[in-house]
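Remarks on the structure that follows.
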Amino acid sequence: MGIRIIVSCLRASAVGLASLLIAGPSRGTVSDVASNGFTSKIDTHIAASPDKVYAALIEPARWWSSDHTYSGDAKNLHLEAKAGGCWCETLPDGGSVVHLMVVYVAPGKALRLRGALGPFQALGVAGALTWKLQPAAGGTDLSVTYALGGYNKDGFAELSQASDAVLTAQVGRLKKLIESRSPENH
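So the sequence shown is residues 416 to 601, counted in this note's numbering.
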């Protein structure tokens with residue numbers, strides 16, 4: 416099943432790239448990649464206060480794409496924004512998924528989670544996803560960094576690009592939700 420998820424993620428990267436182009440000024444890059452991991456960085460400006468951005472951020476069911484869930488429905492996502500909290504997903508028939516665990520919370524300023532997103536869960540890896548919010552003229556500068564390291568026999572060159580495209584699209588959806596009240600592109 417892990418390989419199918421990875422292939423699905425690579426196919427979804429094209430959808431993620433298209434969403435990025437439509438969503439606007441979120442900029443994502445793989446800032447480094449090596450045989451044992453990668454770092455992806457996404458920056459965007461959101462026309463809202465850091466408190467408003469943070470409030471939306473901790474409700475992923477409102478902005479994360481259902482295409483990038485195990486259940487097929489983002490409404491099954493929930494995030495407990497406290498140290499030791501879980502970004503989890505409820506699955507049909509009583510199942511569940513831990514996507515990430517919360518390790519640092521500074522409301523309106525930063526949120527850091529640890530774990531392996533999506534297809535990376537089937538690999539011997541660990542990751543850190545950090546959301547930093549800075550007040551800026553006309554709103555908030557949001558910086559998102561996902562650093563992942565560990566073992567993957569095929570390396571991380573292709574997976575890093577797919578992961579970056581998907582995360583950049585999700586940040587674009589968060590921005591769109593806050594600025595227009597809908598994460599969907601019209």
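C-beta: ideal position from N, C-alpha, C; glycine also.
Please read all numbers here as calculations on a predicted model, not as lab measurements.
In the structure shown, ASP447 falls within a strand segment according to DSSP collapsed to helix, strand and coil.
Uninterrupted beta strand (DSSP E) stretches at least 3 residues long and entirely within the stretch 495-546 occur at 501-505, 511-521, 525-529, given in chain order. When C-alpha distances from ASP482 are compared across LYS590, ILE593, SER595, LEU582, the shortest belongs to LEU582.
Spatial neighbours of ALA489 in its own chain (CB-CB distance under 6 Å, excluding positions within 5 residues in sequence) are listed in chain order as ALA476, TRP479, SER481. Contact between the stretch 553-569 and the stretch 451-458 is established, with three or more Cβ pairs separated by less than 8 Å. Per the Cβ contact rule, the stretch 527-541 is in contact with the stretch 561-575 (3 or more Cβ pairs under 8 Å). For THR484, there is no enclosing alpha helix (DSSP H), since its DSSP letter is neither H nor E.
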